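Read left to right, the sequence shown gives residues 11 to 176 (this note's numbering).
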Amino acid sequence: MGKIQGKGIAGEVYEWLKDYLTDRQQFTDLNGAYSSSQTVKYGVPQGSLLGPRLFKIYVDDFPDNVSERWVYMFADDTTGYDIGDNIDVATDKLNQMTGEIYEWCRENKITAHIGKTEAMILSQQPFYGPVKLIYFGDEQIKLVTTTQSLGVTIDNRLTWKEQHKK
């Protein structure tokens with residue numbers, strides 16, 4: 011609720027949002043078999059009209075907490091990148107960035123989907139030899155040669171061949 015107050019939301023609107031977000035119950039319905047109700051401590055109701063706006067308020071300070079890097083967000087997808095003079099410098103910078111993102115997520119009680127998290131090294135020149143591992147907390151991030159970003163396939167040489175195949 012502190013982030014909502016930080017946006018200047020007060021009075022009756024604040025009280026309504028507080029009531030809306032506090033002490034909610036949820037359960038699972040699987041073909042008519044219901045789980046027991048559980049109290050939801052964090053988050054916004056998924057599928058609600060207010061959900062996307064409240065999520066945006068909640069994560070609005072995220073890019074400000076990643077120092078000296080470029081971070082782009084669209085809905086709940088985040089892309090970060092950095093530039094290095096060589097692969098070792100670039101991976102060191104990426105590890106610093108992912109460390110800062112990990113800490114922000116931990117402090118804000120957000121769980122990143124590590125299975126969907128990827129790293130890619132872009133270079134016009136081929137590179138050889140081992141590449142330093144990139145981590146998110148204690149989890150190793152998968153290094154890929156192609157990835158999807160907002161429906162566009164990007165390869166590590168920026169040739170657009172994979173995108174053109176579609």
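Glycine residues also receive a C-beta, built at the ideal position from the N, C-alpha and C atoms.
Quantities reported herein were computed from a predicted structural model and do not represent experimental measurements.
With DSSP run on the structure shown, which of helix, strand or coil describes residue i?
i	result
Lys-17	coil
Lys-152	strand
Trp-80	strand
Gly-147	coil
Leu-132	coil
Tyr-24	helix
Asp-29	helix
Asp-98	helix
Leu-64	helix
Asp-86	coil
Tyr-44	strand
Tyr-112	helix
Could you compute how far the alpha carbon of residue i sits from the alpha carbon of residue j?
i	j	result
Asp-148	Asn-105	11 Å
Lys-51	Pro-136	48 Å
Lys-13	Tyr-82	20 Å
Lys-119	Ala-43	30 Å
Leu-59	Asp-39	21 Å
Gln-36	Val-69	23 Å
Thr-155	Asn-166	5 Å
Asp-87	Gln-158	11 Å
Met-130	Glu-117	26 Å
Gln-173	Gly-161	9 Å
Gly-53	Trp-114	15 Å
Leu-101	Gln-56	The amino acid at residue 101 is misidentified as Leu; the sequence shows Thr. If I take the Cα positions, the gap works out to 35 Å.
Tyr-91	Trp-80	6 Å
Lys-5	Leu-168	Here the chain covers residues 11 to 176 and nothing more, so residue 5 does not appear.
Would you list the residues sitting across from residue i in a DSSP beta bridge?
i	result
Asp-165	Thr-156
Thr-49	Gln-35
Sorted by chain position, which residues of the same chain lie with C-beta nearer than 7 Å to residue i's C-beta, five sequence neighbours on each side aside?
i	result
Tyr-145	Asn-105, Thr-108 and Ile-151
Glu-110	Asn-75, Val-76 and Ser-77
For residue i, which residues from the same chain have a beta carbon less than 8 Å from its beta carbon, with the 5 sequence-adjacent residues on both sides left out?
i	result
Lys-171	Asp-165
Lys-142	Ile-97, Asp-98, Thr-101, Asp-102 and Asn-105
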